[in-house]
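Engineer:
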Amino acid sequence: MTNMLTFNEFVRDTWAWHVIRAVTRAKYPAFQYFDERHPLIRQRYTERSYDRSNSGVSQASRHTEVRGFSLDSEKADNDFLNQTISRTTWEKYGIENRRGLHLVEFLPNDPEVQKYSLSSIHHLTPELKHDEQNPRNWCVLKKAIVSFHVCLLVIAVYAGASIYTVGTHGVREQFGVSEVVALLGLTVFVLGYGLGPMVWGPLSEIPQIGRNLIYIPALAVFGLAQIPIALATSIGMLFGFRFLAGFFGSPVLGSGGGILIDMYASRKHTYALASFSLIGICGPTIGPIVGGFAVELKGWAWSAWIVSWLAAWTLAVLIFFLPETSADNILYRRAMRLRKVTGDSGFVCEAQLRADYTSGTEVFKAHLVRPFTLFLTEPAVFFLNLYSAFTYGLMYIWFEAFPLAYGEVYHFGTGKQRIALLGLIVGVLLTIPPFFLYYRKRIEPHFDRDGNIEPEKHLHPAMVGCLFIPASLVWFGWTARPSISYLVPIVGSSLFTAGGLLLYMSILNYLTESYPDHVSSVLAGNELFNSICGATFPLLIPPMYYKFGVLGSSMILAIFAVAFVPLPFILYMRGARLRKQSSYARKGM
Numbered sequence: 073m074t075n076m077l078t079f080n081e082f083v084r085d086t087w088a089w090h091v092i093r094a095v096t097r098a099k100y101p102a103f104q105y106f107d108e109r110h111p112l113i114r115q116r117y118t119e120r121s122y123d124r125s126n127s128g129v130s131q132a133s134r135h136t137e138v139r140g141f142s143l144d145s146e147k148a149d150n151d152f153l154n155q156t157i158s159r160t161t162w163e164k165y166g167i168e169n170r171r172g173l174h175l176v177e178f179l180p181n182d183p184e185v186q187k188y189s190l191s192s193i194h195h196l197t198p199e200l201k202h203d204e205q206n207p208r209n210w211c212v213l214k215k216a217i218v219s220f221h222v223c224l225l226v227i228a229v230y231a232g233a234s235i236y237t238v239g240t241h242g243v244r245e246q247f248g249v250s251e252v253v254a255l256l257g258l259t260v261f262v263l264g265y266g267l268g269p270m271v272w273g274p275l276s277e278i279p280q281i282g283r284n285l286i287y288i289p290a291l292a293v294f295g296l297a298q299i300p301i302a303l304a305t306s307i308g309m310l311f312g313f314r315f316l317a318g319f320f321g322s323p324v325l326g327s328g329g330g331i332l333i334d335m336y337a338s339r340k341h342t343y344a345l346a347s348f349s350l351i352g353i354c355g356p357t358i359g360p361i362v363g364g365f366a367v368e369l370k371g372w373a374w375s376a377w378i379v380s381w382l383a384a385w386t387l388a389v390l391i392f393f394l395p396e397t398s399a400d401n402i403l404y405r406r407a408m409r410l411r412k413v414t415g416d417s418g419f420v421c422e423a424q425l426r427a428d429y430t431s432g433t434e435v436f437k438a439h440l441v442r443p444f445t446l447f448l449t450e451p452a453v454f455f456l457n458l459y460s461a462f463t464y465g466l467m468y469i470w471f472e473a474f475p476l477a478y479g480e481v482y483h484f485g486t487g488k489q490r491i492a493l494l495g496l497i498v499g500v501l502l503t504i505p506p507f508f509l510y511y512r513k514r515i516e517p518h519f520d521r522d523g524n525i526e527p528e529k530h531l532h533p534a535m536v537g538c539l540f541i542p543a544s545l546v547w548f549g550w551t552a553r554p555s556i557s558y559l560v561p562i563v564g565s566s567l568f569t570a571g572g573l574l575l576y577m578s579i580l581n582y583l584t585e586s587y588p589d590h591v592s593s594v595l596a597g598n599e600l601f602n603s604i605c606g607a608t609f610p611l612l613i614p615p616m617y618y619k620f621g622v623l624g625s626s627m628i629l630a631i632f633a634v635a636f637v638p639l640p641f642i643l644y645m646r647g648a649r650l651r652k653q654s655s656y657a658r659k660g661m
């Protein structure tokens, strides 16, 4: 595998590439898939299909050359297949008679295994090495570029949520509503992207759909929804389209981390998710900073116009440069192409087997019922989701606390108030390098050869992060006063995002390692409860800050944050016992 990246490799399997492929009818190699460009592969499959259909050649009399040995094809189809291919996939889906079925997986690295696989049993072995369509085989540069595009999409959506906060004063004046009612525009947006994954999640599990078929149309609707928001003639119209924008902006928030996981091995997932979390924290912060000056000069509607322009630019970039990363979708389409080339309908990928084996009721339960079941019956899920949601809600509180503190205490204008949010970005940027170093030196060596690790090992960073949260609130509350430089509270706010990143990464890793068979349910529940707190917490801030002031309100929140501090330590000591008693969690680690 080379790190050189040609332009064709860069744009392959994107929406624009598919359009050109359709127009040219895939005549040119630049717009053909790996299995279409190599005559040997097509020839092997075509010959195999011909042998099956040739009435003059009996099934028992066919022979195949495998690594220099002549094997009876019946033996190759059964005895040798049983020795070479793990039965796990077939048995997992209750398939006893495999004759006529050929499991399509990514091509191997070993040319001899490739030759055996293609010429004798049609099985593409699961060694993830040099198959160019396998996202984990992409060069470092392509992975970095795709990761950047995902982060760009996340920023567009998160900015769309938080940028609204800089214009609430204008909303109050135009529609004649109270400050709390005006803030409902943020609430309905966050609720929209909290509920969205409940719908988009099951759709993304359908192998025929994949990720891009959801992300790009949804982003288009998200961008178009900004137009009626900017032109709203009533508060109801504004709230309705804000909810719609949040709902259609949610696919990447619910499964964007999955794109990064598609490209990196299990040992490296944490690095990818940390980068995704970094953008998840910076994205909401960038919105008010970018929109602050525009709203101050042009009015609140400009916050929506800015988001629409950002969404349009992001949409254009993704259409041309975001390839499909879902292995289920990639292998499904490969199986369909092989069926077409060979005339053999026995080619299937695991996603098809899973779809046939898993009923619609099971998918419904996984995304709409099981998140609540796990939340209510699993103590670890309950308390960690509660902690995660509380911390997430606090982040949205900062967007309201800064204008109150810097507007009333330091008399900053709207634009300058939002610049103070840069401390949140600085905090998380300074945390990433030491976190990566610690993870590489102290946690990564504990993974076994199968990529498994004791879940409690992931809680070490949380034991530090849990102390940063209350410390940041106390620091901000006690230093936000005219006699102290405005820079000092900003430094205190940076501790919040540093602690939040450490907490979020620990919680995410712990839950996914503890509940590997229910990852989608765990993540859907976590996203939902995060969004509920993110939607409701800002509504509490204006009344609380007006009644208790910056210091009193910060201290109240700090007390709640202190109450959560023992949680990572308790789970570290008792987590293994809780998992043994659980009906859903992994045991034996």
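This note's numbering applies: residue 73 is where the sequence shown begins, and numbers increase by one. Glycine residues also receive a C-beta, built at the ideal position from the N, C-alpha and C atoms. Just so we're clear, the structure is a prediction, and the values are computed from it rather than from any experiment.
(1) If we call anything under 8 Å between Cβ atoms a contact, is ALA626 one with PHE548?
(2) If you pair each beta-carbon of the segment 415-431 with each one of the segment 581-594, do three or more pairs fall below 8 Å?
(3) Contact criterion: CB-CB distance below 8 Å. Does SER544 meet it with respect to chain B?
(4) How should ILE358 be labelled, buried or exposed, when 16 other C-beta atoms within 10 angstroms of its C-beta is the threshold for buried?
(5) Between TYR656 and the rest of its own chain, which residues show a CB-CB distance below 7 Å, the 5 nearest in sequence each way excluded?
(6) What residue range does the alpha helix (DSSP H) around LEU496 cover?
(7) Counting beta carbon pairs with one atom in the segment 639-648 and one in the segment 492-504, are three or more of them shorter than 8 Å?
(8) Distance, Cα to Cα, MET577 vs SER349?
(9) What would DSSP say about PHE436, mapped onto helix, strand or coil?
(10) What is the DSSP secondary structure of HIS174, counted as helix, strand or coil?
(11) How far does the alpha helix (DSSP H) with PRO323 in it reach, from first residue to last?
(12) Tell me the DSSP secondary structure of VAL54 in three-state form.
(13) Would you call the segment 385-396 and the segment 254-270 touching, i.e. three or more CB-CB distances under 8 Å?
(14) Under the DSSP definition of a beta bridge, which residues are partnered with VAL420?
(15) Look at the alpha carbon of ALA373 and the alpha carbon of ARG512, and state the distance between them as a whole number of angstroms.
(16) What three-state label does DSSP hand SER142 in the structure shown?
(17) Could you tell me the alpha carbon to alpha carbon distance between PHE103 and GLU81, rounded to whole angstroms?
(18) Mind reading off the beta-carbon distance from GLN489 to GLY364? Whole number of angstroms is fine, and I expect it under 8 Å.
(19) Name the two residues that bound the continuous alpha helix (DSSP H) containing VAL262.
(20) Thinking ILE301 and ALA317 are a contact (beta carbons under 8 Å), I'd like their distance in whole angstroms, please.
(21) How long is the line joining the alpha carbons of VAL379 and VAL634, rounded to whole angstroms?
(22) Is the beta carbon of PRO395 less than 8 Å from the beta carbon of THR608?
(23) Report all residues from its chain with a CB closer than 6 Å to the CB of ILE515; omit the five preceding and five following residues, and keep chain order.
(24) Evaluate ARG109 with the Cβ neighbour count: other Cβ atoms within 10 Å of its Cβ, from every protein chain shown; 16 or more gives buried, anything less gives exposed.
(25) Would you check if the distance between the CB atom of LEU291 and the CB atom of LEU369 is smaller than 8 Å?
(26) Quick check on GLN104: does DSSP put it in helix, strand or coil?
(27) For the alpha helix (DSSP H) that contains VAL238, what are its first and last residues?
(28) Would ASP107 be called buried (16 or more neighbouring beta carbons within 10 Å of its own) or exposed?
(29) Hey, out of ILE541, SER327, TRP89, whose CA is closest to LEU466's CA?
(30) Do VAL420 and VAL176 come within 8 Å of each other at the CB atom, strictly closer than that value?
(31) Buried or exposed: PRO517, going by 16 or more other Cβ atoms within 10 Å of its Cβ?
(32) Between ILE286 and TYR265, what straight-line distance do the alpha-carbon atoms span, to the nearest angstrom?
(33) Does the beta-carbon distance from LEU574 to PHE507 come in below 8 Å?
(34) May I ask you to verify whether the segment 603-622 touches the segment 245-259, counting CB pairs closer than 8 Å and requiring at least 3?
(35) Measure from the alpha carbon of GLU599 to the alpha carbon of each residue in VAL453, VAL218, ARG411, then state which is nearest.
(36) I believe GLY495 touches VAL560 by the beta-carbon criterion, under 8 Å. Please report the beta-carbon distance rounded to the nearest angstrom.
Structural biologist: Taking the geometry as given:
(1) Counting from 1 along the sequence shown, the entry for residue 626 is found at position 554. Counting from 1 along the sequence shown, the entry for residue 548 is found at position 476. The sequence given here places Ser at residue 626; Ala does not occur at that position. Yes, Cβ-Cβ distance for SER626 and PHE548 is below 8 Å.
(2) Taking a contact to require three or more Cβ pairs closer than 8 Å, the segment 415-431 and the segment 581-594 do not qualify as touching.
(3) Considering every chain present, this structure includes no chain B. It has just one protein chain.
(4) On the sequence shown, position 286 is the one that residue 358 refers to. Per the 10 Å Cβ criterion, buried.
(5) What you label residue 656 is simply residue 584 of the sequence shown in a count that begins at 1. Cβ neighbours of TYR656 within its own chain (closer than 7 Å, five residues either side excluded): LEU446, GLU450, TYR587, HIS590.
(6) Reading the sequence shown from its first residue, position 424 is the one you call residue 496. 494-510 is the extent of the alpha helix (DSSP H) around LEU496.
(7) no
(8) Reading the sequence shown from its first residue, position 505 is the one you call residue 577. Reading the sequence shown from its first residue, position 277 is the one you call residue 349. Rounded to whole angstroms, MET577 to SER349 spans 8 Å at the Cα level.
(9) Looking up residue 436 in the sequence shown gives position 364. Three-state DSSP puts PHE436 in a helix.
(10) Here residue 174 is taken as the residue at index 102 of the sequence shown, counted from 1. Here HIS174 sits in strand by DSSP.
(11) Position 251 of the sequence shown holds residue 323. First-last of the alpha helix (DSSP H) with PRO323: 323-335.
(12) Given that the chain is displayed from residue 73 to residue 661, the structure contains no residue 54 and the question cannot be resolved.
(13) The segment 385-396 is not in contact with the segment 254-270.
(14) Residue mapping note: residue 420 aligns to position 348 of the sequence shown, counting from 1. Looking at the DSSP assignment, VAL420 forms a beta bridge with LEU175.
(15) Mapped onto the sequence shown, residue 373 falls at position 301. Mapped onto the sequence shown, residue 512 falls at position 440. ALA373 and ARG512: Cα-Cα distance of roughly 46 Å.
(16) The residue given as residue 142 occupies position 70 in the sequence shown. Low per-residue confidence applies at SER142: pLDDT is 34, beneath 50, and the placement is therefore not dependable, though the value from the model is reported in the following sentence. Looking at SER142 - three-state DSSP - the assignment turns out to be strand.
(17) Here residue 103 refers to the residue found at position 31 of the sequence shown. Here residue 81 refers to the residue found at position 9 of the sequence shown. Near 10 Å, if we compare the C-alpha coordinates of GLU81 and PHE103.
(18) Working through the sequence shown from its first residue, we reach residue 489 at position 417. Working through the sequence shown from its first residue, we reach residue 364 at position 292. At roughly 7 Å, the Cβ-Cβ gap stays under 8 Å, so GLN489 and GLY364 are in contact.
(19) As a position in the sequence shown, residue 262 is number 190, starting the count at 1. Here the alpha helix (DSSP H) through VAL262 covers 251-276.
(20) Here residue 301 refers to the residue found at position 229 of the sequence shown. Here residue 317 refers to the residue found at position 245 of the sequence shown. The pair is a contact, with the Cβ atoms about 7 Å apart (cut-off 8 Å).
(21) Along the sequence shown, one-based indexing puts residue 379 at 307. Along the sequence shown, one-based indexing puts residue 634 at 562. Cα-Cα distance, rounded: 37 Å.
(22) Looking up residue 395 in the sequence shown gives position 323. Looking up residue 608 in the sequence shown gives position 536. The answer is no: Cβ separation not under 8 Å.
(23) Counting from one through the sequence shown, the residue named residue 515 turns up at place 443. Counting only Cβ-Cβ distances below 6 Å, and skipping sequence neighbours, we find LYS529.
(24) Locating residue 109 in the sequence shown gives position 37, counting from the first residue. Result: exposed.
(25) Reading the sequence shown from its first residue, position 219 is the one you call residue 291. Reading the sequence shown from its first residue, position 297 is the one you call residue 369. No.
(26) Within the sequence shown, the letter at position 32 stands for residue 104. Three-state DSSP puts GLN104 in coil, outside helix and strand.
(27) Residue 238 sits at position 166 when you count from the first residue of the sequence shown. Per DSSP, VAL238 belongs to no alpha helix (DSSP H) and is neither H nor E.
(28) Working through the sequence shown from its first residue, we reach residue 107 at position 35. By the 10 Å Cβ count, ASP107 comes out buried.
(29) Residue numbering aside, residue 466 sits at position 394 when the sequence shown is read from its first letter. Ranking the options by Cα distance to LEU466, first place goes to ILE541.
(30) The residue given as residue 176 occupies position 104 in the sequence shown. The residue given as residue 420 occupies position 348 in the sequence shown. VAL420 sits close to VAL176, with the two beta carbons spaced by under 8 Å.
(31) Translated into positions along the sequence shown, residue 517 becomes position 445. Exposed, by the Cβ-count rule.
(32) To locate residue 286, count along the sequence shown from 1; it is residue 214. To locate residue 265, count along the sequence shown from 1; it is residue 193. Cα to Cα, the separation comes out at about 14 Å.
(33) Locating residue 574 in the sequence shown gives position 502, where the first residue counts as 1. Locating residue 507 in the sequence shown gives position 435, where the first residue counts as 1. Against a cut-off of 8 Å, the Cβ pair of PHE507 and LEU574 comes out as a contact.
(34) yes
(35) Numbered from 1 along the sequence shown, position 527 holds the residue referred to as residue 599. Taking only the C-alpha atoms, the option nearest GLU599 is VAL453.
(36) Numbered from 1 along the sequence shown, position 423 holds the residue referred to as residue 495. Numbered from 1 along the sequence shown, position 488 holds the residue referred to as residue 560. The pair is not a contact, with the Cβ atoms about 10 Å apart (cut-off 8 Å).
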